[in-house]
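J.: Dropping a structure here in structure tokens format, bear with me for questions.
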Amino acid sequence: MDCNEAYFSMQMKGRGNVEAAPGEFAELDRHLAACPHCSRVARSLAAEDAALSRAMAAVPVPQGLRLELHRQLRDHTHARRRMRSYRLVATAAAVLIAVGIGLGVTSAARPPLDLVQFTLDQDARFENPDEPVRLWLAANHLPERPLPFNMALLVAQGTEKIQGREVPYLVFSRPGEGREPRIAKLFFLKDQQFVGLKDLREAQSSRFQTRILRDERQFPGVTMLVLFTGQTDDDLKPFLLTHNQT
Amino acid sequence: MGIDGIRPQELIDAHYEALYRYAYRLSGKAADAEDLTQETFSKAFSRIGQLRDHERAKGWLFRILRNAYLHRVRDDRRHRIVPLDGVGDLPDRQPEEGLEIDSAQLQKVLNELDETFRTPIILYYFEEFSYRDIADQMSLPIGTVMSRLARAKSYLRQRLSGLDTPDRFQTPDRFQTPDTPDGEPSRNDGP
Numbered sequence: 001m002d003c004n005e006a007y008f009s010m011q012m013k014g015r016g017n018v019e020a021a022p023g024e025f026a027e028l029d030r031h032l033a034a035c036p037h038c039s040r041v042a043r044s045l046a047a048e049d050a051a052l053s054r055a056m057a058a059v060p061v062p063q064g065l066r067l068e069l070h071r072q073l074r075d076h077t078h079a080r081r082r083m084r085s086y087r088l089v090a091t092a093a094a095v096l097i098a099v100g101i102g103l104g105v106t107s108a109a110r111p112p113l114d115l116v117q118f119t120l121d122q123d124a125r126f127e128n129p130d131e132p133v134r135l136w137l138a139a140n141h142l143p144e145r146p147l148p149f150n151m152a153l154l155v156a157q158g159t160e161k162i163q164g165r166e167v168p169y170l171v172f173s174r175p176g177e178g179r180e181p182r183i184a185k186l187f188f189l190k191d192q193q194f195v196g197l198k199d200l201r202e203a204q205s206s207r208f209q210t211r212i213l214r215d216e217r218q219f220p221g222v223t224m225l226v227l228f229t230g231q232t233d234d235d236l237k238p239f240l241l242t243h244n245q246t
Numbered sequence: 247m248g249i250d251g252i253r254p255q256e257l258i259d260a261h262y263e264a265l266y267r268y269a270y271r272l273s274g275k276a277a278d279a280e281d282l283t284q285e286t287f288s289k290a291f292s293r294i295g296q297l298r299d300h301e302r303a304k305g306w307l308f309r310i311l312r313n314a315y316l317h318r319v320r321d322d323r324r325h326r327i328v329p330l331d332g333v334g335d336l337p338d339r340q341p342e343e344g345l346e347i348d349s350a351q352l353q354k355v356l357n358e359l360d361e362t363f364r365t366p367i368i369l370y371y372f373e374e375f376s377y378r379d380i381a382d383q384m385s386l387p388i389g390t391v392m393s394r395l396a397r398a399k400s401y402l403r404q405r406l407s408g409l410d411t412p413d414r415f416q417t418p419d420r421f422q423t424p425d426t427p428d429g430e431p432s433r434n435d436g437p
């Protein structure tokens, strides 16, 4: 190694070269031990490095900087919390608006309740209990004829699936002798829906009786099947209109 | 509490002085250094989720600061390039024990250097980053870092010693601007 090569190695050997393999600069060390001139240069470089390190770090740091940075951090933290809160509020508001819009759409399709009209309608129902049944019969494509039942005892109406077909029914109820009320359930079976209805036979169980009612003049093509609690026809009579009522 | 136990308050206390000094040596102005330090921490607080390893906090913060500085001076055309001429030549010198260098004079000379030379020399002398650390900071091959350091050191010695004893060190011939074809350093300027 000559002196120029030694100088180059000195540059590379700096303390920043942490990845140098052990013994990588052994030749340089041997040269420095043998060459007084390069040895002086190496010491000079080391002294300059130390002086440069000291000078480089000799920068006074402003006294208030640390406090300013901590204040900045607090502001940042508060800003993030505010932002998080705003997001939560915005999300909640969005949900409320969405729900509100949904409710608004459905409620807009529904007229507001008119209590005066509601009261008048209820009064009319009590005055004329047959009218709701007439409307119900029409809605179920049944003849709008008066039924032989006491509509004052009507408690429910609907349809029930029998043999896969929706069958309209009316339920009548009246107080019984014991704790259980007496029930009569009237089914409207259409001939075109069921085969052989004319061959139906009345049946009896421990609690119910069935009766077949046909009135081809009033209810053409419809078989009325009434299921009622009791043992005899006498138990059905209280549900039917008396001659005076008809 | 930050991510994985990294507390922003601790980041400030542990690194703000070094970051300020680094910013000052990069920018050469106290006001810019203060702005850069604050900008660095502001960005760090926003991205603290990216910092998974507390051991890497220092390098991470220094990188943020350098990027912030580069963003500011992106359009600054006042770069100077130090040629490699003479760096490997053997100087004739005497050892100087207890040599002292004036901090302000050092800054003046640093300001003359292009950032690509100034950054490694600051990191090397001031924060004792290894060649590998500096290479990571600047996304450069380690050989390029060593070459730039050698050239920057040579330039500092020439300029700083030249003020006292102009003929002591062998010095680069001249400064050249980036627009001067023969002064433009090679991208592969490793040793």
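Residue numbers (the working numbering), protein chains in the order written: chain A, 1 to 246; chain B, 247 to 437.
Every residue, glycine too, gets a C-beta built ideally from N, C-alpha and C.
Quick one: give me the first and last residue of the beta strand (DSSP E) that Pro132/A is part of.
T.: Pro132/A -> not in any beta strand (DSSP E); alpha helix (DSSP H) instead, spanning 130-139.
J.: Inspect the beta-carbon positions of Arg271/B and Met56/A and report whether they are closer than 8 Å.
T.: yes
J.: Is Leu158/A helix, strand or coil by DSSP?
T.: In the sequence as displayed, the identity of residue 158/A is Gly instead of Leu. DSSP places Gly158/A in strand when its eight states are reduced to three.
J.: Below 8 Å on the Cβ atoms is my guess for Gly441/B versus Gln353/B; work out the distance and round it to an integer in Å.
T.: No answer is possible for residue 441/B: it lies beyond the span of chain B, which begins at 247 and ends at 437.
J.: Could you tell me whether the Cβ of Met1/A comes closer than 8 Å to any Cβ of chain B?
T.: no
J.: So what's Pro143/A in DSSP terms, helix, strand or just coil?
T.: coil
J.: Check whether the Cβ atoms of Phe194/A and Phe208/A sit closer than 8 Å, and answer yes or no.
T.: no
J.: Looking only at DSSP bridge pairs, what is Thr210/A linked to?
T.: Bridge partners of Thr210/A: Leu227/A.
J.: Report yes or no: do the stretch 212-232 of chain A and the stretch 176-188 of chain A share at least 3 C-beta pairs separated by less than 8 Å?
T.: yes
J.: Can you name the residues of chain A whose CB is closer than 8 Å to the CB of Arg271/B?
T.: Met56, Val59
J.: Let me know the secondary structure DSSP gives Gln204/A once reduced to three states.
T.: strand
J.: Give the straight-line distance between the Cα atoms of Val133/A and Gly100/A, rounded to the nearest whole angstrom.
T.: 37 Å
J.: What residue from Asp259/B, Glu373/B, Ala396/B, Ser400/B has the CA that sits closest to Val59/A's CA?
T.: Closest by alpha carbon: Glu373/B.
J.: Would Leu359/B and Tyr315/B qualify as a contact pair, given that the criterion is a beta-carbon distance under 8 Å?
T.: no
J.: Closest Cβ-Cβ distance between Leu352/B and chain A: below 8 Å?
T.: Closer than 8 Å: yes.
J.: Relative to the C-alpha of Val355/B, which candidate in Arg318/B, Arg312/B, Lys399/B has its C-alpha closest?
T.: Lys399/B
J.: Are the stretch 251-266 of chain B and the stretch 40-54 of chain A touching by the rule of at least three beta carbon pairs closer than 8 Å?
T.: no
J.: To which residues does DSSP link Arg378/B through a beta bridge?
T.: Beta-bridge pairing links Arg378/B to no other residue.
J.: Hey, how far is the Cα of Asp123/A from the Cα of Gly104/A?
T.: 31 Å
J.: Please go through the same chain and pick out, in chain order, the residues whose beta-carbon is closer than 6 Å to the beta-carbon of Ala46/A, but skip the five residues on each side of it.
T.: Cβ neighbours of Ala46/A beyond the five flanking positions: none.
J.: Restricting to Cα atoms, I'd like to know which of Gly176/A, His76/A, Pro146/A, His37/A is closest to Pro254/B.
T.: Here the closest residue by C-alpha is His76/A.
J.: Looking only at C-alpha atoms, which of Asp2/A, Val61/A, Arg214/A, Gly176/A sits nearest to Leu186/A?
T.: Arg214/A
J.: Compare the C-beta of Met83/A with all C-beta atoms of chain E and state if any pair is closer than 8 Å.
T.: Of the protein chains in the structure, A and B, none is chain E.
J.: Mind checking if Asp413/B is an interface residue toward chain A, Cβ cutoff 8 Å exclusive?
T.: With a pLDDT of 35 at Asp413/B, under the threshold of 50, the modelled position of that residue is not reliable, and no figure is offered here.
J.: Indicate the three-state DSSP secondary structure (helix, strand or coil) for Glu59/A in the structure shown.
T.: Note that residue 59/A corresponds to Val in the displayed sequence, not to Glu. Val59/A: coil per DSSP, three-state reduction.
J.: Just curious, the beta strand (DSSP E) that Ile183/A is in, first and last residue?
T.: 182-190
J.: Report the rounded CA-to-CA distance for Glu68/A versus Pro62/A, giving the unit in angstroms.
T.: The alpha-carbon atoms of Glu68/A and Pro62/A are separated by roughly 10 Å.
J.: Run the CB neighbour count on Asp379/B, radius 10 Å, all protein chains shown included, and call it buried at 16 or more, exposed below.
T.: buried
J.: From Gln92/A to Pro148/A, what distance separates their C-alpha atoms?
T.: It is Ala, not Gln, that sits at residue 92/A in the sequence shown. Ala92/A and Pro148/A: Cα-Cα distance of roughly 58 Å.
J.: Using a Cβ-Cβ cut-off of 8 Å, state whether Gln296/B counts as contacting chain A.
T.: no
J.: Can you say whether Phe126/A is buried or exposed, counting buried as having 16 or more other CB atoms within 10 angstroms of its CB?
T.: exposed
J.: How far does the beta strand (DSSP E) with Arg174/A in it extend, from its first residue to its last?
T.: 165-174
J.: Tell me whether Ser206/A is buried or exposed, calling it buried when 16 or more other Cβ atoms sit within 10 Å of its Cβ.
T.: exposed
J.: Report yes if the C-beta distance between Gln383/B and Arg312/B is below 8 Å; otherwise report no.
T.: yes
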